[in-house]
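**Q** Quick note: the sequence shown, position 100, residue 100 per UniProt numbering, numbers continuous.
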Amino acid sequence: MSDEHKFWPTQPVKHDPTAEKPHQIIDIEKENVPKKSLPTPAYVKFDVIDQYQSAKLEELTEFLANHYVGDAKGRCRFGYSKEFLTWWLQSQSNNISVGLRIVKSDQLIDEHQKLVEQFSDGELVGYISSVPMNYTFKDLTKPAQSVDFLCIHHELRLQNLAPLLIQEITRRSYKQGIFSAVFTAAFTAKQDKPTIPPMLLTTYYHRLLDPVKLSQCEFCRKPQAMSERDYVQHYKLPYVNSDKAKCVRKMTKQDQEKCCQLLNDFQTRNYKIQQHYTPDLFKKMFRNIDNVIQCYVYEKNGEILGFASFYIVDTQMLAPEIVKLHKYIRNGYFYQYGVKEGQNEIDELTLMTLMTHEMKKQKVDVATCLNIGKNVEIIQKLQMDGGDGKLSYHTFNLDWGTEIKNEDLGIVLV
């Protein structure tokens, strides 16, 4: 068993499927939480990555572009833009953003000297972040961290550094008075016996918007017997009534308060596990930023009946023969959406079909979502194909109790 897999059994991630109610696994006394950072190996040190410093964000963008999630064959990797990270990490003033940097010194032991010889002093080699949000787990409502972007330099992944970052962000969260977290993991989704009990196992689904480009990038395969013209026709987006299409427009600042209420009401009606947005957080999270996030309303006769959003993340192409054709795939991910109760004008399927049309207008190559929440009902009707990617949802220091279904989950992490 690897050191990292030995780490998780020591953490508050156990699950009791017979528990009648969700509950915090261990109680934390805030005054007993260490005030100083945890000790690290001599060749690295913790550093706060200030999300308000442009140079730090540029450094982080480059680090994630080189070392964050990619396919097993090394042919592609997520490419989060600086603008995207700015949007996510600046959403709250008390977000936690922690890195690991190389420390070069003559005092290092020989083993550590060999480890760091290829690095520059102070080079960023590890990262983790969290955004505090209000969550409801069935009948339990409490703040929890949305943990994201855990990343270790690929040359140091056998050095057991990920647990260090997890423990440090846990310590900082406890000092804030937030004692639970939600996170996703791809590695546990591949395990027959997951190291961490998953709340849910989910699958990515895709609606091809530019099938020719996607086949050239080896994202999908065009059937040999099918012509390119027929392939494009096969993935032509479903027709949407023109009267309904006219009701869709970009959300404005004046719409935000109503959309916040609509979304919170929708989540409460439909999901057992959900995120709640304060008006202030909603205004920061849901605003139109080119190539990052797009937000729309469905308005008829002056009344907002639906709200929908999607975010955009590029996938970098790494294989030389593909890079000659295309440098990236442009992914549009369903984010949060909802419709107003007690009306028959617009449903979730029509709303998100309209969103795929908006994605195509913005040169998005593929629409993507997980099979969670209301997505479960619309995936097949939108002709979305199940992909190879799988993702497990997990909680930290919070047991969700009895089993939940995919359609019960309204949480989306980026």
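By construction, the Cβ of each residue, glycine as well, lies at the ideal position given by its N, Cα and C atoms.
(1) Measuring straight from C-alpha to C-alpha, what distance separates Glu358 and Gln336?
(2) Could you say which of Tyr296, Ile273, Cys259 lies nearest to Leu281 if we only look at CA atoms?
(3) Taking the beta carbon of Arg101 as the centre, do at least 16 other beta carbons fall within 10 Å, making it buried, or is it exposed?
(4) Using the beta-carbon count (16 or more within 10 Å), is Lys381 buried or exposed?
(5) Going by DSSP, what residues sit across from Asp148 in a beta bridge?
(6) Taking only the alpha-carbon atoms, compute the straight-line gap between Lys35 and Gly177 and give it to the nearest angstrom.
(7) Kindly give me the distance between the Cβ atoms of Gln159 and Ser97, rounded to whole angstroms, as I take these residues to be in contact under 8 Å.
(8) Can you pull the DSSP bridge partners for Pro143?
(9) Specify the secondary structure class of Thr188 as computed by DSSP and reduced to three states.
(10) Going by CA-CA distance only, name the one from His326, Val414, Ala185, Val412 that's closest to Leu391.
(11) Enumerate, from N- to C-terminal direction, the unbroken beta strand (DSSP E) stretches of 3 or more residues contained entirely within the stretch 261-318.
(12) Excluding the five sequence neighbours on either side, which residues of its own chain have a C-beta within less than 7 Å of the C-beta of Asp408, listed in chain order?
(13) Given 8 Å as the limit, tell me if Val33 has its C-beta closer than that to any heavy atom belonging to the ligand COA.
(14) Across which residues does DSSP place Arg207 in a beta bridge pair?
(15) Identify, in the order they occur along the chain, each residue of the same chain with its Cβ nearer than 6 Å to the Cβ of Tyr393, setting aside the five sequence neighbours on each side.
(16) Nearest-angstrom Cα distance between Gln90 and Glu58?
(17) Mark Ile26 as exposed unless 16 or more other C-beta atoms lie within 10 angstroms of its C-beta, in which case mark it buried.
(18) Tell me, to the nearest whole angstrom, how far the beta carbon of Asn331 is from that of Glu83; I am working on the premise that it is less than 8 Å.
(19) Relative to the C-alpha of residue 451, which candidate in Ile196, Arg75, Thr268 has its C-alpha closest?
(20) Output the residue ranges of the alpha helix (DSSP H) runs that lie fully inside the stretch 347-391 and measure 4 residues or longer, sorted by chain position.
(21) Can you say whether Tyr9 is buried or exposed, counting buried as having 16 or more other CB atoms within 10 angstroms of its CB?
(22) Could you give the uninterrupted runs of the beta strand (DSSP E) lying entirely in the stretch 42-96, keeping only those of 3 residues or more?
(23) Let me make sure I understand the geometry here. Which of Pro211, Thr315, Lys138, Ile293 has the alpha-carbon closest to that of Thr402?
(24) When DSSP labels each residue in this structure, what does Arg221 get in the three-state scheme?
(25) What's the gap between the Cα of Ser173 and the Cα of Gln145?
(26) In terms of DSSP beta bridges, what is Thr395 paired with?
(27) Assign residue 418 to one of two classes, buried (16 or more other C-beta atoms within 10 Å of its C-beta) or exposed (fewer than that).
(28) Excluding the five sequence neighbours on either side, which residues of its own chain have a C-beta within less than 6 Å of the C-beta of Met285, listed in chain order?
(29) Distance, Cα to Cα, Asn264 vs Tyr80?
(30) Within 10 angstroms of its Cβ, does Met317 collect 16 or more other Cβ (buried), or is it exposed?
(31) Quick check: the stretch 323-330 against the stretch 211-231, are at least 3 beta-carbon pairs closer than 8 Å?
(32) Which residue from Val313, Gln294, Glu345 puts its Cα closest to that of Leu305?
(33) Would you decide whether Pro17 is buried or exposed? Buried here means 16 or more other CB atoms lie within 10 Å of its CB.
(34) What does Phe334 pair with, by DSSP beta-bridge criteria?
(35) Tell me which same chain residues have a C-beta within less than 7 Å of the C-beta of Val339, skipping the five on either side of it?
(36) Going by DSSP, what residues sit across from Val98 in a beta bridge?
**A** This is what the structure gives:
(1) On the sequence shown, position 358 is the one that residue 358 refers to. On the sequence shown, position 336 is the one that residue 336 refers to. Glu358 and Gln336 have their C-alpha atoms spaced approximately 15 Å apart.
(2) What you label residue 281 is simply residue 281 of the sequence shown in a count that begins at 1. Closest in C-alpha terms to Leu281, from the list Tyr296, Ile273, Cys259, comes Cys259.
(3) What you label residue 101 is simply residue 101 of the sequence shown in a count that begins at 1. That one is buried.
(4) Stepping through the sequence shown from its first residue, residue 381 is reached at position 381. Taking every protein chain shown into account, the CB of Lys381 has fewer than 16 other CB atoms within 10 angstroms, so this residue is exposed.
(5) Within the sequence shown, numbered from 1, the residue matching residue 148 stands at position 148. Per DSSP, Ser129.
(6) Residue numbering aside, residue 35 sits at position 35 when the sequence shown is read from its first letter. Residue numbering aside, residue 177 sits at position 177 when the sequence shown is read from its first letter. When rounded, the distance between both Cα atoms is 13 Å.
(7) Within the sequence shown, numbered from 1, the residue matching residue 159 stands at position 159. Within the sequence shown, numbered from 1, the residue matching residue 97 stands at position 97. Between Gln159 and Ser97 the beta-carbon gap is near 21 Å, outside 8 Å, which marks them as no contact.
(8) The residue given as residue 143 occupies position 143 in the sequence shown. Pro143 pairs with Asn134.
(9) As a working mapping, residue 188 is identified with position 188 in the sequence shown. Assignment of Thr188 by DSSP, reduced to helix, strand and coil, places it in the helix class.
(10) Along the sequence shown, read from residue 1 onward, the residue named residue 391 stands at position 391. It is Ala185 whose Cα lies nearest to the Cα of Leu391.
(11) For the stretch 261-318, the continuous beta strand (DSSP E) assignments of 3+ residues that do not extend past its boundaries occur at 273-276, 293-300, 303-317, in sequence order.
(12) Indexing the sequence shown from 1 puts residue 408 at position 408. Only Tyr271, Lys272, Ile273 meet the Cβ criterion.
(13) In terms of ligand content, the structure shown is empty, and the ligand COA therefore cannot be addressed.
(14) On the sequence shown, residue 207 is found 207 positions in, with the first residue counted as 1. BP columns for Arg207 point to Ala367.
(15) Here residue 393 refers to the residue found at position 393 of the sequence shown. Hits under 6 Å: Thr184, Met199, Leu200.
(16) Residue mapping note: residue 90 aligns to position 90 of the sequence shown, counting from 1. Residue mapping note: residue 58 aligns to position 58 of the sequence shown, counting from 1. The straight-line gap from Cα to Cα measures roughly 14 Å.
(17) Residue 26 sits at position 26 when you count from the first residue of the sequence shown. Around the C-beta of Ile26, fewer than 16 other C-beta atoms lie within 10 Å, and the residue is accordingly described as exposed.
(18) In the sequence shown, the residue the question calls residue 331 occupies position 331. In the sequence shown, the residue the question calls residue 83 occupies position 83. Their Cβ separation, rounded to whole angstroms, is 15 Å, which puts Asn331 and Glu83 out of contact at 8 Å.
(19) It is not possible to answer for residue 451, since the shown part of the chain is limited to 1 through 414.
(20) Runs of the alpha helix (DSSP H) spanning 4 or more residues and lying entirely within the stretch 347-391 occur at 348-361, 375-378, in chain order.
(21) Indexing the sequence shown from 1 puts residue 9 at position 9. It is Pro, not Tyr, that sits at residue 9 in the sequence shown. Counting other Cβ atoms within 10 Å of its Cβ, Pro9 stays below 16 and is therefore classed as exposed.
(22) Taking only runs of at least 3 residues, the beta strand (DSSP E) segments lying wholly in the stretch 42-96 are 44-48, 76-79.
(23) For the purposes of this step, residue 402 is taken as residue 402 along the sequence shown, with counting starting at 1. Minimum Cα distance to Thr402 is reached at Lys138.
(24) As a working note, residue 221 is residue 221 in the sequence shown. DSSP places Arg221 outside both helix and strand once states are collapsed to three, so it counts as coil.
(25) In the sequence shown, counting from the first residue as 1, residue 173 sits at position 173. In the sequence shown, counting from the first residue as 1, residue 145 sits at position 145. Between Ser173 and Gln145, the alpha-carbon positions lie close to 8 Å from each other.
(26) Within the sequence shown, residue 395 is the residue found at index 395, counting from 1. According to DSSP, which records beta bridges pairwise, Thr395 is partnered with Val182.
(27) This structure cannot settle anything about residue 418, because the visible part of the chain is limited to 1 through 414.
(28) Here the question's residue 285 lines up with position 285 in the sequence shown. Take Met285, set aside five residues on each side of it, and the residues of its chain with a beta-carbon closer than 6 Å to its own are Ser91, in chain order.
(29) One-based indexing of the sequence shown puts residue 264 at position 264. One-based indexing of the sequence shown puts residue 80 at position 80. Using only the alpha carbons, I get a separation of about 27 Å.
(30) Here residue 317 refers to the residue found at position 317 when the sequence shown is read from its first residue. Counting other Cβ atoms within 10 Å of its Cβ, Met317 reaches 16 or more and is therefore classed as buried.
(31) The stretch 211-231 is in contact with the stretch 323-330.
(32) As a first step, residue 305 is located in the sequence shown; it is residue number 305 there, counting from the start. Distances from the alpha-carbon of Leu305 to those of Val313, Gln294, Glu345 put Glu345 closest.
(33) For the purposes of this step, residue 17 is identified with residue 17 of the sequence shown, where counting begins at 1. Answer is exposed; the Cβ neighbour count stays below 16.
(34) In the sequence shown, the residue the question calls residue 334 occupies position 334. Beta-bridge annotation (DSSP): Phe334 is paired with Phe310.
(35) Start at 1 with the first residue of the sequence shown, and residue 339 comes out as number 339. Cβ neighbours of Val339 beyond the five flanking positions: Phe266, Leu305, Gly306, Ile346, Asp347, Glu348, Leu351.
(36) As a first step, residue 98 must be located in the sequence shown, where it is residue number 98. Residue pairing of Val98 in beta bridges, as defined by DSSP: Val48, Ile128.
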